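Reviewing the structure listed below.
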Amino acid sequence: MAREAAEEARLFLREIGAVDRTKRIVEREGAVLIPLLHTDVELPDLPGEIVEVPSIPLNKEQETPFSMIARSLDIPAPAKERLPRRWELIGDVLVLKLDSSLREYDGDVAEAYACVLGAKTVLEDVGGIGGEFREPKLRLILGNDTTTVHKENGVLFKLDVMKVMFSSGNIHERVRMARICRPGETVVDMFAGIGYFSIPIAVHSEPGKVYACEINPTAYGYLEENIRLNRVIGVEPLLGDCLDVAPEGVADRVVMGHLWGKEYLGKAARVVGEKGFIHYHEACHKDELPRGPLETVRRGVEKENRRMMRATLRKIKSYSPNIDHIVVDAEIE
Ligand SMILES: C[S@@+](CC[C@H](N)C(=O)[O-])C[C@H]1O[C@@H](n2cnc3c(N)ncnc32)[C@H](O)[C@@H]1O
Numbered sequence: 000m001a002r003e004a005a006e007e008a009r010l011f012l013r014e015i016g017a018v019d020r021t022k023r024i025v026e027r028e029g030a031v032l033i034p035l036l037h038t039d040v041e042l043p044d045l046p047g048e049i050v051e052v053p054s055i056p057l058n059k060e061q062e063t064p065f066s067m068i069a070r071s072l073d074i075p076a077p078a079k080e081r082l083p084r085r086w087e088l089i090g091d092v093l094v095l096k097l098d099s100s101l102r103e104y105d106g107d108v109a110e111a112y113a114c115v116l117g118a119k120t121v122l123e124d125v126g127g128i129g130g131e132f133r134e135p136k137l138r139l140i141l142g143n144d145t146t147t148v149h150k151e152n153g154v155l156f157k158l159d160v161m162k163v164m165f166s167s168g169n170i171h172e173r174v175r176m177a178r179i180c181r182p183g184e185t186v187v188d189m190f191a192g193i194g195y196f197s198i199p200i201a202v203h204s205e206p207g208k209v210y211a212c213e214i215n216p217t218a219y220g221y222l223e224e225n226i227r228l229n230r231v232i233g234v235e236p237l238l239g240d241c242l243d244v245a246p247e248g249v250a251d252r253v254v255m256g257h258l259w260g261k262e263y264l265g266k267a268a269r270v271v272g273e274k275g276f277i278h279y280h281e282a283c284h285k286d287e288l289p290r291g292p293l294e295t296v297r298r299g300v301e302k303e304n305r306r307m308m309r310a311t312l313r314k315i316k317s318y319s320p321n322i323d324h325i326v327v328d329a330e331i332e
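Residue 0 is where the sequence shown starts when you use numbering that gives the first Met the number 0, and the numbers rise one by one after that.
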């Protein structure tokens, strides 16, 4: 992993619980080596690779969080084998995927994870994210306060984890968007949520103006709060369907962070000013990559008599075994 990408990678890997904190992060021949707990990890669009090299213990006595959790639990050995080795820690709210055989011990299991990882509340992921508002399906196991402030890349995201989604796997894309936006740009975020892209862009890129459209009143409420919390100026939250509320002919950059947003491409093409970029996300079957989404964007903008000059496609993460979450960066004239 090259040094420039290492911090982003470390943040990403820490959020998905993959970093072996008992081992040292070391630099060798210009590459940064981050120790992992397991090799079943994908590094979305990072110039790094998984390599097997001897790692250096920080301190022989130090245990991994997972082994501390497993050791502290008094449950039968077969149940211990099924304890989740990964988790999502959003602020101080922990989300776990539990094997059904662990249900009868869920209180104790939640307590052990909360104690070791410093979480005030533990939720079980029972059905992923669904519906027009992309709402999570979670079950409360421990604690009662599901509202938290998650800090990432110098940005504060306040949210109720029970009510609005937060995808740790998209961290690199949030960081990338904040890096590629240029000072003074006008950005239209068509599916802003709580400000996943709008706020990092406003915090790090000195945009001229960011229009952040959100249809779900709950997510919109947090978007407003996050604008205040991060003290950013120039972000205008717009409540409603982006088809109605997004201003047209203004944008240097349009963010389409919706995995099923094909039918909004015509609107995105109208939102772009004289020229600009559309960042189009899609959940796409691996067999259709890379041509499918590139053609979708080209056709979508051509219907509005705009031209796609150049486009690149990158993978953000695996969505399911055969489906990838990808983003197309398309330059439009
Ligand atoms: C999937 S979330 C955004 C996820 C985000 N891109 C990320 O990386 O974590 C999409 C958001 O778009 C909102 N949304 C869906 N349809 C919309 C529409 N027509 N206009 C504005 N917002 C919409 C949903 O309520 C949701 O908050």
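Virtual Cβ for every residue (Gly too), placed ideally from N, Cα, C.
Please read these numbers as outputs of a predicted model, since none were measured by experiment.
> By how many angstroms is the C-alpha of P64 removed from the C-alpha of L116?
Replying inline: If you number the sequence shown from 1, residue 116 lands on position 117. If you number the sequence shown from 1, residue 64 lands on position 65. L116 and P64: Cα-Cα distance of roughly 7 angstroms.
> According to DSSP, what are the bridge partners of R138?
Replying inline: Taking the first residue of the sequence shown as position 1, residue 138 is located at position 139. The partner list for R138 (beta bridge, DSSP) reads E123.
>> Once the 5 residues before and after I49 are set aside, which same chain residues still bring their CB inside 8 angstroms of it?
In response: Walking along the sequence shown from the start, residue 49 turns up at place 50. Hits under 8 angstroms: L35, T38, V40, L42.
>> Tell me which residues share the same chain as Y219 and place their Cβ nearer than 6 angstroms to its Cβ, disregarding the 5 neighbours each side in the sequence.
In response: By 1-based counting over the sequence shown, the position of residue 219 is 220. For Y219, where only same-chain residues beyond five positions count, the Cβ hits under 6 angstroms are E213, L238.
>> On the CB-based measure, 16 or more other CB atoms within 10 Å of its CB, does K150 come out buried or exposed?
In response: Locating residue 150 in the sequence shown gives position 151, counting from the first residue. With fewer than 16 other Cβ atoms within 10 Å, it is exposed.
>> What does the Cβ neighbour count give for G207, buried or exposed, with the cut at 16 atoms within 10 Å?
In response: One-based indexing of the sequence shown puts residue 207 at position 208. Classification of G207: exposed, given that the 10 Å Cβ count is below 16.
> Just reading off the beta strand (DSSP E) that F333 is part of, what are its end residues?
Replying inline: Nothing can be reported for residue 333, as the shown portion of the chain is limited to 0 through 332.
>> Run through the DSSP bridge pairs and tell me what C254 is partnered with.
In response: On the sequence shown, residue 254 is found 255 positions in, with the first residue counted as 1. The residue asked about is misnamed: residue 254 is Val in this sequence, not Cys. Answer is D188, H278.
> Taking the alpha carbon of E14 as the point to measure from, which residue in P246, A268, F165 has its own alpha carbon closest?
Replying inline: Position 15 of the sequence shown, counting from 1, holds the residue named residue 14. Of the listed residues, the one whose Cα sits closest to E14 is F165.
> Alpha carbon to alpha carbon, what distance is there between E330 and A310?
Replying inline: Counting from one through the sequence shown, the residue named residue 310 turns up at place 311. Counting from one through the sequence shown, the residue named residue 330 turns up at place 331. A310 and E330: Cα-Cα distance of roughly 6 angstroms.
> Is any heavy atom of ligand 1 found at a distance shorter than 8 angstroms from the C-beta of M164?
Replying inline: Numbered from 1 along the sequence shown, position 165 holds the residue referred to as residue 164. For ligand 1, at least one heavy atom lies less than 8 angstroms from the Cβ of M164.
> For L32, which three-state DSSP category applies?
Replying inline: Residue numbering aside, residue 32 sits at position 33 when the sequence shown is read from its first letter. Three-state result, L32: strand.
> With C-beta atoms as the reference, is V234 less than 9 angstroms away from S197?
Replying inline: Residue numbering aside, residue 234 sits at position 235 when the sequence shown is read from its first letter. Residue numbering aside, residue 197 sits at position 198 when the sequence shown is read from its first letter. Contact: yes.
>> Between the stretch 280-294 and the stretch 309-327, can you find at least three pairs of beta-carbon atoms closer than 8 angstroms?
In response: When Cβ pairs closer than 8 angstroms are counted between the two stretches, the stretch 309-327 is seen to touch the stretch 280-294, the count reaching three or more.
>> If you reduce the DSSP assignment to three classes, tell me which class E26 lands in.
In response: Position 27 of the sequence shown, counted from the start, is the residue given in the question as residue 26. The three-state reading of DSSP puts E26 in strand, counting E and B together.
> Closest to D240 by CA distance: which of L228, R181, A250, Y263 is it?
Replying inline: Position 241 of the sequence shown holds residue 240. It is Y263 whose Cα lies nearest to the Cα of D240.
>> Between the alpha carbons of N225 and L155, how many angstroms are there, rounded?
In response: Position 226 of the sequence shown holds residue 225. Position 156 of the sequence shown holds residue 155. N225 and L155: Cα-Cα distance of roughly 7 angstroms.
>> For K266 and E301, I'd like the C-alpha separation in whole angstroms.
In response: As a position in the sequence shown, residue 266 is number 267, starting the count at 1. As a position in the sequence shown, residue 301 is number 302, starting the count at 1. Taking the straight line from one Cα to the other gives about 12 angstroms.
> Would you call the CB atoms of E273 and R306 closer than 9 angstroms?
Replying inline: Against the sequence shown, residue 273 aligns to sequence position 274. Against the sequence shown, residue 306 aligns to sequence position 307. Taking 9 angstroms as the Cβ cut-off, E273 and R306 do not qualify as a contacting pair.
> Nearest-angstrom Cα distance between V31 and D19?
Replying inline: Here residue 31 refers to the residue found at position 32 when the sequence shown is read from its first residue. Here residue 19 refers to the residue found at position 20 when the sequence shown is read from its first residue. C-alpha separation (whole angstroms): 14 angstroms.
>> I'd like to confirm the pairing. Which residues does DSSP put opposite G129 in its beta bridges?
In response: In the sequence shown, the residue the question calls residue 129 occupies position 130. DSSP lists E134 as partners of G129.
> On the three-state DSSP scale, how would you describe I200?
Replying inline: Taking the first residue of the sequence shown as 1, we reach residue 200 at position 201. DSSP places I200 in the helix class (H, G or I) of the three-state scheme.
>> Using a Cβ-based criterion (distance less than 8 angstroms to any ligand heavy atom), does H257 qualify as near ligand 1?
In response: Numbered from its first residue, the sequence shown carries residue 257 at position 258. Yes - ligand 1 has a heavy atom lying nearer than 8 angstroms to the Cβ of H257.
> Does DSSP put E7 in a helix, a strand or coil?
Replying inline: Translated into the one-based positions of the sequence shown, residue 7 becomes position 8. Residue state, collapsed to three classes: helix.
> Which runs of the beta strand (DSSP E) spanning at least 3 residues fall entirely within the stretch 268-322, listed in chain order?
Replying inline: 271-284, 307-319
>> Taking its Cβ as the centre, do 16 or more other Cβ atoms sit within 10 Å of C114, making it buried, or is it exposed?
In response: As a first step, residue 114 must be located in the sequence shown, where it is residue number 115. Exposed is the call here.
> Is L264 helix, strand or coil by DSSP?
Replying inline: On the sequence shown, position 265 is the one that residue 264 refers to. Residue state, collapsed to three classes: helix.
> For Y195, which three-state DSSP category applies?
Replying inline: Your numbering for residue 195 matches position 196 in the sequence shown. If DSSP states are grouped into helix, strand and coil, Y195 belongs with coil.
> With 16 as the cutoff for other CB atoms within 10 Å, does E26 come out buried or exposed?
Replying inline: Looking up residue 26 in the sequence shown gives position 27. Answer is exposed; the Cβ neighbour count stays below 16.
> Per DSSP, E213 is paired with what?
Replying inline: Residue mapping note: residue 213 aligns to position 214 of the sequence shown, counting from 1. DSSP lists L238 as partners of E213.
>> Checking 9 angstroms against the spacing of the C-beta atoms, do A78 and S100 come in under that value?
In response: In the sequence shown, the residue the question calls residue 78 occupies position 79. In the sequence shown, the residue the question calls residue 100 occupies position 101. In contact: A78 and S100 (Cβ atoms closer than 9 angstroms).
>> Which of the three DSSP states is assigned to L88 in this structure?
In response: Here residue 88 refers to the residue found at position 89 when the sequence shown is read from its first residue. Residue state, collapsed to three classes: strand.
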